[in-house]
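> Just so we're aligned: 44 in full-length UniProt numbering is position 44 of the sequence shown, and the numbers increase by one with no gaps anywhere. Every residue gets a Cβ at the ideal spot worked out from N, C-alpha and C, and that includes glycine. What follows is a structure written as structure tokens; I'll ask about it next.
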Amino acid sequence: MVATPATIARVSAGALKNASVVRALSTAAADSEYSFVNSRRAYRQEVAVLRQGFILEEKRRVEKLQRDAEAQRMKIMKEKAARLEIKRQQQAIRAEEVAREKAIQEEEYRKYFEEKVLVRESRAAEVERRRQVLVDTLRDQSNTWITEENLEDKMSEDLFIYSPKQASSRNAFDPGSVGGTATSWLEKLQRMRPAGAKDDAAAAAETTPEKQE
1 MVATPATIAR VSAGALKNAS VVRALSTAAA DSEYSFVNSR RAYRQEVAVL RQGFILEEKR
61 RVEKLQRDAE AQRMKIMKEK AARLEIKRQQ QAIRAEEVAR EKAIQEEEYR KYFEEKVLVR
121 ESRAAEVERR RQVLVDTLRD QSNTWITEEN LEDKMSEDLF IYSPKQASSR NAFDPGSVGG
181 TATSWLEKLQ RMRPAGAKDD AAAAAETTPE KQE
């Protein structure tokens with residue numbers, strides 16, 4: 001088949017038309033691809049910005065939590081230190097009170113025992129005084145005591161007195177008389193009076209004038 005000019009012209013025209021279509025399609029495809037790339041780039045940039053914002057926000061949130069936790073920890077430590085200080089002060093005050101009460105109690109015990117010692121010493125002094133008085137009294141009276149050594153000297157007839165009637169019959173009741181009976185000795189002892197004692201008649205005579213007055 002021989003190509004005629006007309007055919008060539010038609011073919012050329014068709015080729016040009018197809019080239020225009022292809023070029024248009026290529027341009028449209030390129031524009032579409034460019035728009036997708038730009039959109040993807042913009043999306044990625046937006047995601048990156050959001051990611052950076054989220055990271056910064058999360059970092060700030062974590063830092064705030066850490067600051068809050070540290071502040072809470074410091075608050076708890078301060079409160080604990082304040083409670084410990086109050087407890088220490090209370091313990092110091094209580095220790096002072098206990099020491100003061102102990103000192104007062106010890107002082108009371110000391111005074112109590114001192115008073116007991118004084119009372120005991122006073123009683124001992126009184127007992128000693130009475131004992132000394134008794135010793136002095138007995139020492140003064142010891143000169144008149146009758147002992148085994150001075151029995152014969154003390155038990156003489158001069159220690160006894162007799163009434164005139166008894167004096168007249170004194171020889172009849174002589175202790176040295178062997179013939180005296182038990183009854184006569186008893187009567188003699190009943191009529192005896194210590195030296196310095198007064199007869200009943202003499203005592204009555206002394207009291208009679210007083211009654212008459």
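1) With H, G and I counted as helix, E and B as strand and the rest as coil, what does DSSP make of residue 38?
2) Please state whether DSSP places residue 150 in a helix, a strand or coil.
3) Distance check for residue 114 and residue 139, CA to CA, integer angstroms please.
4) Given this structure, state the Cα-to-Cα distance separating residue 37 from residue 44, to the nearest angstrom.
5) Residue 180 by DSSP, collapsed to three states: which one?
6) Output the distance between the C-alpha atoms of residue 96 and residue 72, rounded to the nearest integer angstrom.
7) When you compare only the Cα positions, how much space is there between residue 56 and residue 66?
8) Counting only runs of 4+ residues fully inside the region 66-128, write out the alpha helix (DSSP H) ranges in chain order.
9) Taking the straight line between their C-alpha atoms, what separation do you get for residue 120 and residue 136?
10) Going straight from the alpha carbon of residue 239 to that of residue 87, what length do you get?
11) Rounded to whole angstroms, what is the Cα-Cα separation between residue 128 and residue 153?
Per the coordinate set shown:
1) helix
2) coil
3) 36 Å
4) 10 Å
5) Only weak support exists for where residue 180 lies, its pLDDT of 47 falling under 50; the value from the coordinates is given anyway. Coil.
6) 36 Å
7) 15 Å
8) none
9) 24 Å
10) Outside the shown range of the chain (1 to 213) lies residue 239, about which nothing can therefore be said.
11) 35 Å
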